[in-house]
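Residue numbers (the working numbering): 264 to 626.
Only one structure is covered here, and it is reproduced in the block below.
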Amino acid sequence: MQLLILPGDGVGGEVMEGVKRVLQWLRECRGLDVDVHEEPFGMAAWWAHGTLMTDETWQRIQTADAILFGAIGSPEYVQIPAEQRRVDWLLEMRRSLDLYENLRPVRAIDALLDASTLRPEVVLGVDMVIVRELAGGVYFGQPRGVETLPDGTRRAVNTIVYTTREVERIARSAFELARTRQGRVCSVDKANVLEFGAFWRETVQAIGDSEYPDVEVSHMYVDNCAMQLVRDPRQFDVIVTENLFGDILSDCAAMVTGSLGMLPSASRGPVRSDGLRAALYEPVHGSAPDIAGQGIANPLAAILSLAMCLRYTLDRVNDAVLVEQAVERAIVAGARTRDLAQPGGTFLSTSEMTDRVIAELHP
Ligand code: NAI
Ligand code: MG
């Protein structure tokens, strides 16, 4: 198995140090046999090579069995000529590998109830997965762009596009997942206003009726869903939604766990000819420029993303559970990075938090 590590920008590199250490532990203590390669990505690639994407890196991205990704985004991109900056290489990876299925589990950890801004009785027991469509919708739709009108003012356009096939395959992902959980899918759209929304709703319902009669389907408008996520998040098992809605709703749902720094994700493509699926594992959060360089980012979302890689790509479920339990034990023992600590309270650095997780790993 070939793992490709792309630390990326901002806190991406900082949290990926933790991932590399856990990976090393798994190789030494659990006999994990993987070929790990790292490439600079984002500003680091620019500084190393004078380009944001080299042919070699792109080749490795196309052939890796799994990519462990940190984050993209930095104020420093203004230093790069506009033409070179035009491509968003994270979106380009998602598009070229057809990573349509983005799984974002959101689970409340009892020992972290005090870190959430929501009341403990609202958060207790929350266990849901947001299934976000990741390769279509407004992030990729054409036409797009900004044009200057004859009167000198400007006009900006983006387009939400989905085909039957695209909605059906993400619906199937959600239904399959629901079968392994509580058997409930809530499909989220804006069917009352947008044509694509009504189409999304009909298509998900049809797949449910014809292929998954054992799974309960419900539908919710996205604005209501945002409200329900903070009113009563326990009502959800699997949420399936389009790209932009999933992006927004998962940041919102992060507060259930206390911090965006706790949410992992897995993105997968269709089954390839070798039976595997292209996969990219990354924390839900971005490069957090407000805290980058301070060594205080929470590495747990990235470490939990590695656990998802162990489970889904490497077929090492026992190791995945080991890592997840180590994270939970570290938290139960009181380990807190700044995002999880009480205001003004003491907290651990990124590397100290990683130390605490590794101390809780038992071969
Ligand atoms: P963000 O997720 O980077 O940060 C939002 C807030 O959460 C900030 O206050 C940040 O300090 C905090 N936060 C994020 N990760 C944390 C961690 N591990 N530990 C502790 N606190 C954490 O989103 P923002 O600020 O909207 O975007 C910053 C940059 O990241 C932008 O350039 C954006 O485009 C990019 N971005 C990249 C993503 C990716 O690489 N997949 C996803 C989201 C944003
Ligand atoms: Mg987001």
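Ideal Cβ positions, reconstructed from N, Cα and C, are used throughout, including at glycine.
Local Cβ density within 10 Å of residue i, reported as buried at 16 or more and exposed below that
i, result
"T422", "exposed"
"L412", "exposed"
"T466", "buried"
"M483", "buried"
"V341", "exposed"
"S528", "buried"
"A253", "Not covered by the structure: residue 253. The range shown for the chain is 264 to 626."
"D452", "buried"
"V309", "Looking at the sequence shown, residue 309 is not Val but Trp. Buried."
"T576", "buried"
"R619", "buried"
"V424", "exposed"
"V584", "exposed"
"P306", "At residue 306 the sequence reads Met, which differs from the Pro that was named. Per the 10 Å Cβ criterion, buried."
"V580", "exposed"
"H548", "buried"
"D414", "exposed"
"G336", "buried"
"E458", "exposed"
"G271", "buried"
"P546", "buried"
"E277", "buried"
"L440", "buried"
One or two residues paired with residue i in a DSSP bridge
i, result
"A419", "V409"
"P703", "What the structure shows of the chain is the stretch from 264 to 626, and residue 703 is not part of that stretch, so it cannot be assessed."
"K449", "Here the sequence assigns Cys to residue 449, which means Lys is not the residue at that position. The partner list for C449 (beta bridge, DSSP) reads S481, I502."
"S614", "S614 is not bridged to any residue."
"I511", "In the DSSP output, where bridge partners are listed per residue, I511 has none listed."
"G271", "A334"
"V285", "Partner(s): none; V285 has no beta bridge."
"D298", "Q265"
"R540", "V534"
Backbone secondary structure at residue i - three-state DSSP
i, result
"F332", "strand"
"S568", "helix"
"E277", "helix"
"D584", "According to the sequence provided, residue 584 is Val. The question's Asp does not apply to it. Helix at V584."
"Q557", "coil"
"R531", "strand"
"Q491", "helix"
"T600", "strand"
"Y340", "helix"
"V385", "helix"
"P546", "strand"
"A454", "coil"
"Q605", "coil"
"G460", "helix"
"M316", "coil"
"F438", "helix"
"E355", "helix"
"G400", "helix"
"T520", "helix"
"T466", "helix"
"R592", "helix"
"R349", "coil"
"A551", "coil"
"T443", "coil"
"P496", "helix"
"T380", "coil"
"T427", "helix"
"L375", "helix"
"G471", "helix"
Distance cut-off 7 Å: residue i Cβ against heavy atoms of ligand 4
i, result
"D618", "Summarising the ligand content, the structure contains ligand 1 and ligand 2 and does not contain ligand 4."
Any C-beta of chain C under 8 Å from that of residue i
i, result
"E439", "Looking at the structure shown, chain C is missing, and only one protein chain is on hand."
Discussion item. Run the Cβ filter for me: residues under 5 Å from any heavy atom of ligand 1, listed in the order they occur in the chain.
Written reply: A334, I335, G336, L523, G524, H548, G549, S550, A551, D553, I554, A560, N561, D602
Worksheet item: Is the region 357-365 in contact with the region 590-605, if contact means three or more CB pairs nearer than 8 Å?
Response: no
Worksheet item: Any contact of the region 522-537 with the region 405-419, i.e. 3+ C-beta pairs under 8 Å?
Response: no
Item to complete: Evaluate contact between the region 386-398 and the region 495-508, counting only Cβ atoms and requiring at least three cross-stretch pairs below 8 Å.
Response: Here the region 386-398 lies against the region 495-508, with 3 or more beta-carbon pairs under 8 Å apart.
Practice prompt. Count the C-beta pairs between the region 334-349 and the region 284-301 that are closer than 8 Å, then say yes if the count reaches three, no if not.
Written response: no
Discussion item. Under 8 Å: do the region 512-531 and the region 372-382 share three or more Cβ pairs, one atom per stretch?
Written reply: Yes, they touch.
Worksheet entry | At least three beta-carbon pairs within less than 8 Å, the region 612-626 to the region 269-281 | yes
Discussion item. Assess contact between the region 307-326 and the region 604-611, defined as three or more Cβ pairs (one per stretch) separated by less than 8 Å. Is contact present?
Written reply: no
Practice prompt. Count the CB pairs spanning the region 439-448 and the region 479-497 that are closer than 8 Å, and state whether there are at least three.
Written response: yes
Discussion item. Check whether the region 564-573 and the region 325-333 are in contact - that is, three or more C-beta pairs closer than 8 Å.
Written reply: Touching, yes, given that three or more Cβ pairs across the two stretches are closer than 8 Å.
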